Each structure stands twice: as structure tokens, then as C-alpha cells.
Amino acid sequence: MRARKEPVRSPAVWIGFVVLMALITPWYFPAGSFEPLLWGVPYWAWIILAASLALSCFVAWVVCCQWDMGTDDDPEA
Amino acid sequence: MELAFGGAAGIAVLLAYGGLMLAVGLITYLRNRHIHESLDEYYLGGRGLGVMVLFFTFFATQYSGNTVIGYPPTAYRIGYQYLVSVPFFICIIAVYLFFAPRLYALGRRFSLLTPVDWIDMRFRSRAVTILASILMLYALGNYLLEQFVAIGQGVSGLTGGTIPYQVGVVFFIVIMVAYSWLGGMRSVAYTDTIQGIALLFGVFMLLLGSLIYFGGPGTAAEVMRREAPDKLGAPDAAGVAHWFSLIALVGIGAAVYPHAVQRIFSARSEATLKRSFIRMAFMPFATAAVVFFVGIIGIAAFPGLSTGESEQLVGRIANALATRHVVFYWAMVLLFGGVIAAIVSTADSVLLTFSSIVSNDLYGRFVDRDASEHRKIRVGKLVGLAAVVVLVIIAWYPPGTLYRIFVLKFELLIQAAPALILGLYWVRLNTRAVFAGMLAGTLLASAMTFADWTPLGVFSGLWGLLLNLAICVLGSLLLGVKRADEAHAVEVIGMR
């Protein structure tokens with residue numbers, strides 16, 4: 549039986565989520581700043597959206613590559 | 020929300036929708052007549068939901084009609100600082116990854132039916148089980164109430180008041196109860212799929228129409244720059260604290276929603292569950308981001324609305340679009356059908372889980388252990404119906420704005436998270452500490468909510484959770500754990 553993989557046991561998963569949590573929270577922009585605007589959207593909103601997309605991609609990676617409990621192989625599990 | 024175009028077209032869409040849902044329930048019933056004999060079949064669809072249906076039924080637990088009706092007004096009022104609604108929906112899926120893999124495996128191994136089922140098996144404590152059940156039932160009841168109010172407002176808005184609020188509530192609740200009773204989780208999941216598709220289509224058309232007729236975010240930015248630059252600006256320290264606490268509260272709270280957890284048990288396989296989660300991780304960009312920008316565009320389209328007026332923003336936009344072009348007229352009729360469909364789809368999931376906790380965790384465990392599964396299901400249905408009647412009476416005269424109620428339910432539900440999640444990993448977790456933490460967290464969060472006290476801009480539910488966690492961890496370290504309890508935990512978790 550192959551090794552079981554669980555996201556919670558992987559340091560890379562924890563580090564990734566901590567970094568991305570920091571990036572999706574807008575603490576690192578000067579309060580009240582909004583310029584430059586790109587297509588009418590403030591620069592910081594673009595950065596938050598990009599970080600959010602990175603978080604979605606990271607979640608997808610964790611689900612694909614860090615989660616394999618072998619439940620589908622083992623009817624008793 | 021008053022839509023001048025509503026009237027007959029609105030009534031026709033709602034009747035057609037109601038008929039379709041009933042047909043789904045009836046067909047499901049005819050094809051699966053045995054489901055009323057088994058809790059697994061009735062409440063979990065026989066643990067056989069495939070990727071698409073599982074995805075849409077997860078979708079329905081997270082995105083309701085409120086996402087469409089309630090989020091744009093908030094974006095309208097606070098501007099870009101409400102962009103937090105995109106990452107907080109992604110965080111719900113991220114939080115799942117910290118417990119769903121193991122919980123799914125245990126659900127298969129021990130045939131778990133509800134989240135309380137897991138808590139009961141892990142801690143073997145009547146007190147913990149009952150407290151967790153009460154917290155979950157309370158949160159589900161609150162959530163259901165919110166959906167009922169939204170159904171009434173949506174129906175009355177769509178039909179331009181032709182169908183009064185109360186008639187709308189009763190009509191859809193009767194239909195919802197009927198198809199849920201007929202087909203259980205299968206009907207709920209199939210109708211969730213139809214409802215999800217209707218909602219996605221409507222929201223997309225709403226954004227498209229807004230972009231065409233009211234200008235994009237650029238026009239809105241000019242208005243904000245002139246009249247309210249703070250709506251464009253990055254948040255200050257208090258705004259950042261509010262942002263972060265909303266992510267934490269919603270991320271954890273929505274992930275441990277009992278009806279969401281129950282869906283983990285319904286998956287046909289681990290692979291199915293994983294594929295549904297990957298799709299869910301990207302959905303905030305197709306839903307939360309879209310309705311957020313509708314709210315931003317509304318700032319230019321309808322400037323200067325008061326708080327009360329802004330609550331009707333989506334109705335105003337839809338009304339304006341409907342008069343511009345026949346395509347948008349029908350798209351907006353379908354949007355409101357989709358919105359109501361989405362509210363009903365969230366409500367049906369909640370009601371089914373409510374009934375399952377009553378059937379399995381309270382009645383089946385404490386009242387009549389030897390009852391047949393058929394009888395447990397019947398008791399769950401009837402108690403669920405009684406709760407619906409009580410909630411309808413409360414919903415008859417709806418309470419305050421939706422956003423306020425929305426935050427209230429997470430405050431208490433989140434207190435079940437340590438038992439649910441820590442219990443999966445830590446075999447030395449002390450049962451008495453878990454109970455004390457859950458109770459103290461609940462009391463603190465409730466008191467702070469009633470006092471409207473949010474120190475450092477952090478929601479009261481999170482302060483309750485912090486106290487809860489501290490008591491769980493410190494209590495377990497100080498009190499230790501009985502050898503027999505630890506052995507039981509090792510046996511149950513079984514994969515350390």
C-alpha cells in the first residue's frame with residue numbers, strides 16, 4: 549500500500565498558507581492609497597485579486613498533490 | 020426590491036420553477052423508493068454523489084441568494100474594502116483541507132452521518148454531544164430564518180409586490196419541504212444543481228448588462244475619486260483588522276457548517292471530493308467577484324443612495340436593465356428566479372441537516388436508541404417541520420438587515436470547530452476541557468455580540484474561539500487524559 553498523504557502533515561502546505569494569508573490581507577499598502585488605477589480598479593485591489601488567484605491555485609495544488617488518504621483503494625479505510 | 024417589470028412574467032417563472040423542483044423530488048422518489056428506510060440513503064444520498072452534483076451542492080451551501088442580493092449593497096457602501104468577499108470564499112476551501120481528508124476517511128470507516136456523529140464517537144460524552152448539537156441546531160435555525168426572509172423579499176420584489184411577502188415564503192417552503200421529504204439528499208443535491216446553474220447565468224447577465232449600460236469600474240472610480248475617495252483607498256489599521264477577522268470568521272465558520280461537513284460524507288469517493296474542492300476553489304471569481312463589481316458599478320449608476328435604499332441596489336439595477344433591452348428583460352426575470360432558487364437551495368440543505376441531527380444525534384442517541392431508521396427519519400422530518408413553522412412565524416415580520424444576521428450565526432457555530440478539528444488529530448485532548456472551552460467560547464461570543472463589543476475590530480466569535488481554544492489546549496495539558504480515553508482516541512483516529 550502506498551504512503552498516505554495528508555495536507556496537514558506537510559510543512560510546505562502550512563508555509564504556503566501562512567504566506568498567502570499574509571498576501572491576501574491588505575496590511576502592506578499605505579492606508580487610503582489607490583493610484584495608479586488600472587481600468588478603474590485601484591492597484592492594491594489588483595494585487596489582492598492576484599494573491600487570491602494564487603491562493604486558489606495553491607489550494608488546487610494541495611488537493612491534487614498533498615491529499616491521498618488511500619480511501620478509494622481500501623474499502624475498510 | 021420593487022421590479023416594475025415583474026408581475027405576470029415573474030409569477031410564471033416562479034410557478035415554473037416550483038413545478039420543476041416538485042418534479043425532481045417526485046422522480047427521485049419514484050426511482051429510489053427505499054430511501055426512507057435508511058439514514059444513509061435519505062440524508063447522504065447513499066454516499067454516492069458524483070463530482071458535478073457534489074460540486075453544486077457544496078456551491079449551494081456557500082453561495083445563496085444573499086450573495087447576489089446582499090453583497091452588492093455592501094460593496095456599494097464600503098467600496099473596495101469589501102473585496103475581502105473574494106478571498107474569504109477561497110479560505111473556506113483552504114480550511115476544509117485541514118480536516119476534510121481525514122474526516123472523509125473516518126466517515127467511510129465508521130459510517131458517520133453528521134458532524135455531531137463524529138464528535139460523539141470521538142469524545143463519548145453526552146454533555147459534549149448535546150452542546151455541539153444545540154450549537155449546530157441554533158446556527159442552522161438562524162441560517163434557515165435568514166433564507167426564509169430572503170425568499171419572501173425576493174418573491175415580492177420579483178413580482179412587483181403582486182405576490183405578497185408572506186405568500187412567497189409559504190409557497191416556496193411548502194415546495195421545499197415536499198421535494199426534500201420525497202427524495203432526501205438526492206432531491207436536494209439535484210435541485211441544487213439546477214439552482215446553481217440558474218444563479219450563475221443570472222449573475223453573469225447582471226454584470227454584462229451593468230458593464231454595457233452603466234460603464235465599467237472606470238466610470239465608478241471617477242465618481243468615487245470625486246465624492247468618496249475612501250471607497251477606493253487601501254484600508255487603514257482598523258480596516259485591515261476587520262478584513263482579517265472576516266476572513267478568519269467566515270473561513271472557519273462556513274467550513275464547519277454542519278450541512279457543509281455532511282456533504283463531505285456524501286461524496287462517492289475521495290477522488291470525487293477532491294475534484295469538487297478544486298472547482299470550488301475557483302468559484303469566488305465567478306460569483307463573489309462578479310457581484311462585488313456589480314456593487315462598485317452601482318456607485319456610478321445610482322449615486323447617493325442611503326443605507327436603506329442601497330439594500331435595493333440589485334433590484335434597481337435589474338429594473339433599469341430590463342427597460343433597456345428585451346434580452347435583459349428576460350435575463351433579469353431569470354436572474355430573480357435564479358436568486359430565489361439559490362435561496363431555496365441553501366434552505367433545503369440546511370433543513371435536511373437540521374433534521375439529520377435531530378434524527379440521528381438527539382432522537383436516535385438519547386430518546387430511542389432502538390428505533391428503526393424509518394422512524395428516526397420520520398421524527399427528523401416532523402421536528403424539522405415544527406422548526407420551519409416556528410421560523411416562518413418569526414419571518415412573518417422580518418428582522419433587520421441580512422448582513423447582521425449573517426455574522427451572528429458564525430459566532431456560535433465556530434465554537435464547535437476545536438472539538439471537530441482538534442479532535443481529529445490530538446489524542447490527548449481532554450473531553451472536559453473540550454466541553455468547558457465550547458461552553459465558555461459560546462457564552463463569551465454571545466455576551467460580546469449582545470453588547471456589540473468588538474475589541475481591536477475583531478469579531479466577537481473569534482474572541483470566543485480564542486478563549487475556547489485556550490481552555491481546550493491548556494485544560495488538556497493540565498488535566499491530562501485518562502489512559503482509556505487516549506487508547507479510544509488512538510483507536511478511533513487510527514491513522515497517527
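Chains as they are written, first to last, in the numbering used here: chain F, 549 to 625; chain G, 20 to 515.
For every residue, glycine included, the Cβ atom is placed at its ideal position computed from N, Cα and C.
These numbers come from a predicted model, not from an experiment.
Alpha helix (DSSP H) containing residue i: first to last residue?
i	result
Lys293 (chain G)	Glu289 to Phe301
Thr210 (chain G)	Tyr184 to Phe233
Thr450 (chain G)	Thr450 to Phe469
Ile111 (chain G)	Ser104 to Tyr115
Phe478 (chain G)	Counting along the chain, Phe478 (chain G) falls outside any alpha helix (DSSP H), and DSSP gives it neither H nor E.
Thr181 (chain G)	Neither: Thr181 (chain G) is in no alpha helix (DSSP H) and is coded neither H nor E.
Asn85 (chain G)	Gly84 to Ile97
Trp592 (chain F)	Tyr591 to Cys613
Phe582 (chain F)	Per DSSP, Phe582 (chain F) belongs to no alpha helix (DSSP H) and is neither H nor E.
Leu251 (chain G)	Here Leu251 (chain G) belongs to no alpha helix (DSSP H), and DSSP marks it neither H nor E.
Phe549 (chain G)	With chain G covering 20 to 515 only, the question about residue 549 (chain G) has no answer from this structure.
His393 (chain G)	Glu392 to Ala414
Ala273 (chain G)	Ala256 to Ala274
His278 (chain G)	Pro277 to Ser285
Could you confirm whether any beta carbon from chain B is found closer than 7 angstroms to the beta carbon of residue i?
i	result
Pro277 (chain G)	The structure shown contains no chain B; its protein chains are F and G.
Use the C-beta contact count for residue i: other C-beta atoms within 10 angstroms, 16 or more gives buried, fewer gives exposed.
i	result
Ala506 (chain G)	exposed
Pro277 (chain G)	buried
Pro120 (chain G)	buried
Ser630 (chain F)	Here chain F has residues from 549 to 625 only, and residue 630 (chain F) is not among them.
Ile412 (chain G)	exposed
Lys501 (chain G)	exposed
Gly215 (chain G)	buried
Glu605 (chain F)	The residue you asked about is not Glu; residue 605 (chain F) is Cys in the sequence shown. Exposed.
Leu122 (chain G)	buried
Ala470 (chain G)	exposed
Ser175 (chain G)	buried
Val53 (chain G)	First, the amino acid is wrong: residue 53 (chain G) is His here, not Val. It is exposed - the Cβ of His53 (chain G) has fewer than 16 other Cβ atoms within 10 Å.
Glu430 (chain G)	buried
His55 (chain G)	buried
Val269 (chain G)	buried
Asp387 (chain G)	exposed
Gly38 (chain G)	exposed
Trp615 (chain F)	buried
Phe117 (chain G)	buried
Along chain G, in chain order, which residues have C-beta atoms closer than 9 angstroms to that of residue i?
i	result
Trp594 (chain F)	Per Cβ cutoff of 9 angstroms: no residues; Trp594 (chain F) is ~10 angstroms from chain G at best.
What residues from chain G crowd round residue i, counting only those whose CB sits closer than 7 angstroms?
i	result
Pro574 (chain F)	Ala253, Pro254, Val259 and Trp262
Pro590 (chain F)	Tyr99 and Leu251
Pro578 (chain F)	Ala253
Output, in chain order, the set of chain G residues within a Cβ distance shorter than 8 angstroms of residue i.
i	result
Ser558 (chain F)	The premise fails here: Ser558 (chain F) is roughly 10 angstroms from chain G at the closest Cβ pair, so nothing lies under 8 angstroms.
Pro555 (chain F)	Leu116, Phe117 and Pro120
Give me the chain F residues within the contact set of residue i, using Cβ-Cβ distance strictly less than 8 angstroms, ordered along the chain.
i	result
Phe296 (chain G)	Val607 and Val611
Lys293 (chain G)	Val611, Cys612 and Trp615
Phe301 (chain G)	Ser604 and Ala608
Tyr48 (chain G)	Here the premise fails: no neighbours, minimum Cβ distance about 29 angstroms.
Pro5 (chain G)	As displayed, chain G neither begins before 20 nor continues past 515, which places residue 5 (chain G) out of reach and without an answer.
Leu102 (chain G)	Ala593, Ile596 and Leu597
Val105 (chain G)	Ile596, Leu597 and Ser600
What does residue i reach in chain F if we use C-beta pairs closer than 9 angstroms?
i	result
Phe478 (chain G)	Within chain F, no residue comes near Phe478 (chain G); the closest Cβ sits about 15 angstroms away, beyond 9 angstroms.
Tyr444 (chain G)	Val556
Pro134 (chain G)	Simply none; closest approach about 18 angstroms.
Under 7 angstroms Cβ-Cβ, which residues of chain F neighbour residue i?
i	result
Pro236 (chain G)	Trp587, Gly588 and Val589
Glu289 (chain G)	Met617, Thr619 and Asp620
Ala240 (chain G)	Leu585 and Gly588
Ile112 (chain G)	Val607
Ile109 (chain G)	Ser600, Leu603, Ser604 and Val607
(message) As an exercise, report each continuous alpha helix (DSSP H) stretch of at least 4 residues that is fully enclosed by the region 318 to 362 of chain G, in chain order.
(response) 326 to 329 and 332 to 343
(message) I want to know whether the region 140 to 155 of chain G touches the region 339 to 356 of chain G - three or more CB-CB distances under 8 angstroms.
(response) no
(request) Answer yes if the region 269 to 279 of chain G comes into contact with the region 75 to 83 of chain G, meaning at least three C-beta pairs across the two stretches below 8 angstroms, and no otherwise. (result) yes
(message) Does the region 229 to 241 of chain G come into contact with the region 561 to 573 of chain F, if we say contact requires no fewer than three beta-carbon pairs (one atom in each stretch) closer than 8 angstroms?
(response) no
(message) Does the structure place the region 92 to 107 of chain G close enough to the region 311 to 325 of chain G that three or more beta carbon pairs sit under 8 angstroms?
(response) yes
(message) Count Cβ pairs between the region 606 to 614 of chain F and the region 329 to 342 of chain G that sit closer than 8 angstroms; are there 3 or more?
(response) no
(message) Count Cβ pairs between the region 579 to 586 of chain F and the region 244 to 260 of chain G that sit closer than 8 angstroms; are there 3 or more?
(response) yes
(message) Whether or not the region 61 to 73 of chain G and the region 199 to 214 of chain G are in contact is what I'm after, with contact meaning three or more pairs of Cβ atoms, one per stretch, closer than 8 angstroms; do they touch?
(response) yes
(message) Check whether the region 284 to 302 of chain G and the region 441 to 452 of chain G are in contact - that is, three or more C-beta pairs closer than 8 angstroms.
(response) no
(message) Would the region 184 to 195 of chain G count as touching the region 163 to 170 of chain G if we require 3 or more Cβ pairs under 8 angstroms?
(response) yes
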